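When we follow my numbering, the leftmost residue of the sequence shown carries the number 810, and every step to the right adds one. C-beta: ideal position from N, C-alpha, C; glycine also. Every value quoted in this text rests on a predicted model; they were computed, and no experiment measured them.
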Amino acid sequence: MADSVDAVIVGGTVVTDSWSGAATVVVKDGRVAALLGPDEGTDHLEPGRVIDATGRLILPGGVDPHCHLAIPLGAFLTLDSFESASLAALAGGTTTIVDFAIPVPGEDPVAALDKKIELAAESRCDYAFHACLNAPPADVGATIAAFAERGVRTIKLFTTYRGELMVDIPTIESVMVALKTVSGLAYIHAEENSAIEEAQGAAAADGRIDARGMAASRPVSAEEDAVSQVLGAAERAGAPVYFVHQSVSSAVNLVDDARRRGVAAYSETCPHYLVLDDSCYEGEHPERYVCCPPIRQRTAADALGDSLRQGFVHTIGSDHCCYSAGQKTQCAHDVRLMPNGLPGVETRLPIVWSEFVDTGLLSPQAFVKVMSANPARLNGLYPRKGTIAPGSDADLVIFDPHATRVLRTDDLHMETDYTPYELR
Ligand code: URP
Ligand code: ZN
Ligand code: ZN
């Protein structure tokens, strides 16, 4: 008797981070049931659907390790819900999003996580969470155990944003030590805050604290300094560490140096640090590019691209933070008051494919590694997510590598009314 399955996908080329080749993908009960050689028959199957992927690549769905959804950050509320952001993610080839449960000052971080878990019920794609500690908890072990009970073993800690999110290095180190009990991982936003406050003070005194002065207000040295300090904490704690949104190759190199010393350290960057450069702060709408760390010089973006190409960057996250052009304009006279971050959950895959794979700088397998496989591994989701193998979720992107499209805000699904990548 024929085996009844959901679908067979024929004629395509499967790409994972470890192999690539022609294969028929058999899907049953939402999972990959089998991969068949291109010449193997499917007569023994009774598929609900036959999908012709001739000339197409079949990629594991993107796993975006860095999203901020439906969250007040400072005085501004991001625009999208889990429903709208997840639909935008899917439209851009991302099938799993990892959101941050960031408490407002004084809020219990476990309650903040519970609130996010409730909001995410409306998500149309799969999701996971990072918890966040914005103050030293009274009982760090109990707090981490409460996160772990909810399936969350990654915690974001910030070395910047005084009064809202910032914690000190001893706190980071104590959290790293406690995380070891649950095989967890600290996610670090590394920018040394006093250097930033100094740069911002000088900029304000000079009348350059508006969005045009963004790059100078958060210097590269502040990022490098914080990365070094946090790596020291990880080394003392004997704990792994993941640096979010690294904007320069010098910061990535510090991570790589630590890895050579035996520290399990990881680098994430974002499409905007690879593709854009600080000339965006000289254009008509500098405020639309205000994010932390800021967009760096062209030479820095190119060097970061080299780090990616050489395999020193482990993941690419969107750092999706969905504000409208109007919200970005509101405080553009003073970057200290502005909502930080760029929309990008939908454009993460297409931008990196277009600028790195299409141009021959990155192989399709290396693309899958940073977009899907490694984010899944570092969030405890692999091999259910991040690969195409018997037993993995059938989160599949059937992708035409030869199709071209012009990126236009009007065609995107995110709740914002601009994209940093549209040339106007
Ligand atoms: O500018 C940024 N990155 N905004 C989002 C919050 C964060 O620091 O990740
Ligand atoms: Zn951050
Ligand atoms: Zn972020």
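Residue range of the beta strand (DSSP E) that includes residue i
i: Glu958; result: Per DSSP, Glu958 belongs to no beta strand (DSSP E); it is in the alpha helix (DSSP H), 949-958.
i: Gly830; result: 829-831
i: Glu1077; result: 1074-1078
i: Thr905; result: 903-910
i: Val1057; result: That residue, Val1057, is in no beta strand (DSSP E); it is neither H nor E in DSSP.
i: Asp812; result: 812-819
i: Val1050; result: 1050-1052
i: Ala937; result: 935-941
i: Arg1097; result: Per DSSP, Arg1097 belongs to no beta strand (DSSP E) and is neither H nor E.
i: Val1144; result: Taken as a continuous stretch (DSSP letters only), Val1144 belongs to no beta strand (DSSP E), as it is neither H nor E.
i: Thr822; result: 822-824
i: Arg840; result: 840-845
Integer-rounded CB distance, given that residue j should sit under 8 Å from residue i
i: Ala900; j: Asp889; result: Contact doesn't hold; Cβ gap of about 13 Å is too wide.
i: His1054; j: Glu1077; result: 6 Å
i: Phe891; j: Ser932; result: 4 Å
i: Thr963; j: Asn1188; result: 6 Å
i: Glu1044; j: Val1061; result: In fact, because the Cβ distance is near 17 Å, the residues do not count as touching under 8 Å.
i: Ala884; j: Gly857; result: Their Cβ separation, rounded to whole angstroms, is 50 Å, which puts Ala884 and Gly857 out of contact at 8 Å.
i: Ala1024; j: Asp1111; result: Their Cβ separation, rounded to whole angstroms, is 16 Å, which puts Ala1024 and Asp1111 out of contact at 8 Å.
i: Leu1085; j: Leu1113; result: Not really, about 11 Å apart at Cβ, beyond 8 Å.
i: Pro912; j: Asn943; result: 6 Å
i: Ala1012; j: Ser1026; result: 5 Å
i: Val847; j: Ala862; result: The displayed chain sequence assigns Pro, not Val, to residue 847. In fact, because the Cβ distance is near 11 Å, the residues do not count as touching under 8 Å.
i: Arg959; j: Leu922; result: 6 Å
i: Ala957; j: Val991; result: 4 Å
Option nearest residue i by Cα separation, candidates the options
i: Val984; options: Gly1016, Ala1020, Ala947, Ala1013; result: Ala947
i: Arg840; options: Gly993, Ser827, Ile818; result: Ile818
i: Gln1038; options: Val1064, Ile1018, Cys1130; result: Val1064
i: Pro1229; options: Tyr1090, Leu966, Asp917; result: Tyr1090
i: Pro918; options: Gln1009, Lys965, Ala1048, Pro1102; result: Lys965
i: Glu973; options: Asn1002, Tyr996, Ala1035; result: Asn1002
i: Thr1225; options: Glu1044, His1081, Gly1150; result: Gly1150
i: Leu1232; options: Arg1097, Leu1190, Pro1192, Gly1135; result: Arg1097
i: Gly821; options: Ile926, Thr833, Gly1047, Asp815; result: Thr833
i: His1222; options: Thr968, Lys1137, Leu1205, Cys1131; result: Cys1131
i: Cys1101; options: Ser1181, Pro1028, Tyr1051, Ser1172; result: Pro1028
i: His939; options: Cys876, Leu844, Asp838, Gly846; result: Cys876
i: Tyr1051; options: Ala1020, Arg1017, Gly1153, Arg1186; result: Arg1186
i: Ser1058; options: Thr1108, Ser1127, Ala1012; result: Thr1108
i: Gly1153; options: Ser1172, Leu1170, Ser1133, Leu1146; result: Ser1133
i: Leu854; options: Met810, Arg865, Asp848; result: Met810
i: Gly864; options: Leu896, Val824, Ser1127, Ala897; result: Val824
i: Arg1105; options: Tyr996, Gly1022, Pro1148, Cys1140; result: Gly1022
i: Glu1000; options: Ala957, Ser1056, Pro945, Leu928; result: Ser1056
i: Leu988; options: Val1166, Glu849, Val961, Asp977; result: Val961
i: Gln1009; options: Thr1138, Ala995, Gly1047, Thr969; result: Thr969
i: Phe909; options: Phe1165, Ser813, Leu845, Ser1127; result: Ser1127
i: Ser893; options: Ala930, Leu1040, Ala920; result: Ala930
i: Pro881; options: Pro1103, Pro945, Lys924; result: Lys924
The alpha helix (DSSP H) enclosing residue i, as first and last residue numbers
i: Ile978; result: 978-988
i: Val961; result: No alpha helix (DSSP H) contains Val961, which DSSP labels as neither H nor E.
i: Val919; result: 918-928
i: Gly1135; result: 1134-1139
i: Ala1024; result: 1023-1026
i: Arg1107; result: 1107-1118
i: Ile997; result: First-last for Ile997: 994-998, but that is the beta strand (DSSP E), not the alpha helix (DSSP H).
i: Arg1045; result: 1029-1046
i: Ala1014; result: 1002-1014
Cβ-heavy atom distance, residue i to ligand 5, below 7 Å
i: Cys1101; result: The ligand content of the structure shown is limited to ligand 1, ligand 2 and ligand 3, which means ligand 5 is not among them.
- May I have a chain-ordered list of the beta strand (DSSP E) segments no shorter than 3 residues that lie completely inside the region 1151-1227? The region 1151-1227 contains these whole beta strand (DSSP E) runs: 1205-1208.
- Message: Quick check: the region 1206-1221 against the region 1153-1160, are at least 3 beta-carbon pairs closer than 8 Å?
- Response: yes
- Query: So, do the region 1169-1188 and the region 868-876 have three or more beta carbon pairs nearer to each other than 8 Å?
  - Reply: yes
- Is there contact between the region 972-988 and the region 947-961, where contact requires at least three CB pairs shorter than 8 Å? yes
- Message: Contact between the region 1115-1123 and the region 1203-1210 is defined here as three or more beta-carbon pairs at a separation below 8 Å; is this criterion met?
- Response: Contact fails: fewer than three Cβ-Cβ distances are below 8 Å.
- Query: Touching or not, the region 1070-1086 and the region 1121-1133, by the rule of three or more beta carbon pairs under 8 Å?
  - Reply: yes
- Message: Threshold first: 3 residues or longer. Then list the beta strand (DSSP E) segments lying entirely within the region 852-903, N to C.
- Response: Assignment of beta strand (DSSP E) within the region 852-903, counting only whole runs of 3 or more residues, yields 854-861, 866-869, 871-877 in chain order.
- Would you say the region 902-915 touches the region 929-944, given that touching needs at least three Cβ pairs under 8 Å? yes
- Count the C-beta pairs between the region 1089-1106 and the region 1190-1205 that are closer than 8 Å, then say yes if the count reaches three, no if not. no
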